[in-house]
Amino acid sequence: MLTNQEIVLEQEILGGIFNNSTLFFRAKEKIKSCMFRIDSHKKIYKGILRMMDEGKSIDTINFLENYKNITKEMGGVSYITEVSTCSISEENFNTKLELLVENYKRSEILKLSKKLCTNISTSDMVEAVENTLASVYKSSLTREVDIISPYENYLDWLYNDTSEIGFKSGLNKLDKLLCNFQRGRLITIFSRSGVGKTTMSLQIALNMAMNGQKIVYCSGEMSNTEVFNKMASSYCYIKYSDISNKVFADEEKKDKVNYLITKLLNNEFYVTNETNIDVLIDEIKLYKLEHGLDVVFVDYINKYVSGAKGSSLTEKLGEVSSKLKTLAMQENICIVLLAQANRGVDRNVSDNLCEKISESDIQDSARIEQDSDQVIALYRNKKLENLAYRDEMSRNGKINYNSRSADENPNCINAIILKNRHGGKGMVGLVWYGEYSRIENMF
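Right, dumping it as structure tokens:
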């Protein structure tokens, strides 16, 4: 016999999904339909699962329309409507899911204890215990144990000559060192503030989006308009300061921006400003379900500690990077994470660029480096932005506009691959056009 609290718990979980469909992804990770002990609730949850698999949006009206012929089996229109109005906060949703799992485990064990009290044989007892344990263990799994599929998928990949090997960033030498931006990987790009990590990530995102990839850009610092302005500045060769102030040399430039934005829209390039990591992950999963997804950019990690567990910033950053790595693997997408370098980099006077900065210079968290498949440091000599300093360096013969070193070339930014689980390390020289928020290949 279920208590009133247990009934309300099931109603609140279903109502939460009806009122906020992104909560479905949290539910899918933790619970199964068999965990609902009221039959109508099981059927409602199965119905939600089916609609999400079909890419249909979840709300009360759509649900009732979709199942209008079998609503009686789910308790009737009035009951489904009542369930859909049960409110629950996002903060409490995970707790409610955990309670449902615990209730299910307890129920299974109680069934077993009653069965063992009856007059059954020893072999039947052993079988009952094994079946119950299997049921309890499975309740903690988000998917069945599948031995065959990984082997089939690998052999399919091996013999399929048309299958993709990652996504090209448009920065050729970087792509060669990384073997492209591949699914399942967490790639961290970090630098000191103002060096150009956002410019770098937006340039790569722009190149990929224009190549037809499905991109989600997570910006914790810039509005959608600022993101589009930076991309338009790069693509159209309009100074970022001009485009931010809506200063266009002619209508042709404005038309070119219009073309870019239309192209991004048609390719479903998506910008989100959500900074709660759990909500963001739900949003990413929803986008993937509805549109497909290739690469996610997260700019930058310190802005996403809201909702992360931990008593210190270091612990919270580690929690975020761990969740992003798990997301990349589970959803089979590539995630590019931006991070800050610590101040010690500014004090390093080594002439060797590879010694100026290391993976241990990622600010506040060693976990970011540990979770990342590949780590790229960006370096640019910001002193050369000072024209007086640049002129002095030029008079002393220390400026070389053909150099691939950012210490000698004001128009150069260096990408240094410090960690690479899937290839070699090295340094790449790229052309830096700061006023256009643009980075391109150096030939």
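Quick note on our numbering: the sequence shown kicks off at 426 and runs consecutively. Just so you know, even glycine gets a beta-carbon here, dropped at the ideal spot from N, CA and C.
DSSP three-state assignment for residue i, whether helix, strand or coil
i	result
residue 707	helix
residue 718	coil
residue 802	strand
residue 755	helix
residue 492	coil
residue 639	coil
residue 697	strand
residue 409	Only positions 426 to 868 of the chain appear in this structure, which leaves residue 409 out of reach.
residue 666	helix
residue 765	strand
residue 760	strand
residue 608	coil
residue 702	helix
residue 573	helix
residue 659	helix
residue 644	strand
residue 944	Absent from the structure is residue 944, since the part of the chain shown begins at 426 and ends at 868.
residue 411	Lying outside 426 to 868, the shown extent of the chain, residue 411 is not represented and no answer is given.
residue 783	coil
residue 594	coil
residue 514	coil
residue 731	strand
residue 546	coil
residue 818	helix
residue 586	coil
residue 744	helix
Exposure of residue i, with buried meaning 16 or more beta-carbon neighbours within 10 Å
i	result
residue 630	buried
residue 820	exposed
residue 763	buried
residue 575	exposed
residue 729	buried
residue 674	exposed
residue 691	exposed
residue 582	exposed
residue 520	exposed
residue 868	exposed
residue 531	exposed
residue 427	exposed
residue 398	With the chain covering only 426 through 868, there is no way to say anything about residue 398.
residue 743	buried
residue 472	buried
residue 436	buried
residue 768	exposed
residue 847	exposed
residue 662	exposed
residue 687	exposed
residue 741	buried
residue 580	exposed
Beta strand (DSSP E) segment containing residue i, residue limits
i	result
residue 484	Unbroken run through residue 484: none, as it is neither H nor E.
residue 829	Careful: residue 829 lies outside any beta strand (DSSP E) and carries neither H nor E.
residue 856	851 to 858
residue 840	837 to 845
residue 866	863 to 866
Cβ-Cβ separation, residue j to residue i (assumed contact under 8 Å), whole Å
i	j	result
residue 643	residue 721	7 Å
residue 665	residue 810	Between residue 810 and residue 665 the Cβ distance is about 14 Å, and since that is not below 8 Å, they are no contact.
residue 655	residue 627	5 Å
residue 813	residue 617	Incorrect: roughly 22 Å between the Cβ atoms, too far for contact.
residue 526	residue 456	6 Å
residue 434	residue 441	With 8 Å as the limit, residue 434 and residue 441 do not qualify as a contact, their Cβ atoms being about 11 Å apart.
residue 699	residue 708	6 Å
residue 828	residue 792	Their Cβ separation, rounded to whole angstroms, is 36 Å, which puts residue 828 and residue 792 out of contact at 8 Å.
residue 825	residue 833	5 Å
residue 444	residue 512	7 Å
residue 649	residue 696	5 Å
residue 481	residue 487	6 Å
residue 469	residue 505	7 Å
residue 757	residue 609	6 Å
residue 719	residue 592	6 Å
Span of the alpha helix (DSSP H), counted from its first residue to its last, around residue i
i	result
residue 612	Counting along the chain, residue 612 falls outside any alpha helix (DSSP H), though it belongs to the beta strand (DSSP E) covering 611 to 616.
residue 462	Taken as a continuous stretch (DSSP letters only), residue 462 belongs to no alpha helix (DSSP H), as it is neither H nor E.
residue 440	429 to 444
residue 602	597 to 603
residue 796	791 to 796
residue 507	502 to 509
residue 808	From DSSP, residue 808 is part of no alpha helix (DSSP H); its letter is neither H nor E.
residue 454	448 to 455
Residue-chain proximity (residue i, chain D), Cβ-Cβ < 8 Å
i	result
residue 853	Annotation note: the requested chain D is absent from the structure, which comprises a single protein chain.
Determine contact between the region 608 to 618 and the region 780 to 794, defined as no fewer than three beta-carbon pairs at a distance below 8 Å.
Short answer: they touch.
Does the pairing of the region 843 to 855 with the region 797 to 809 give three or more beta-carbon distances under 8 Å?
These segments touch.
Check whether the region 668 to 686 and the region 596 to 603 touch, using three or more Cβ-Cβ pairs below 8 Å as the test.
no
Does the structure place the region 529 to 540 close enough to the region 752 to 759 that three or more beta carbon pairs sit under 8 Å?
No, the region 752 to 759 does not touch the region 529 to 540.
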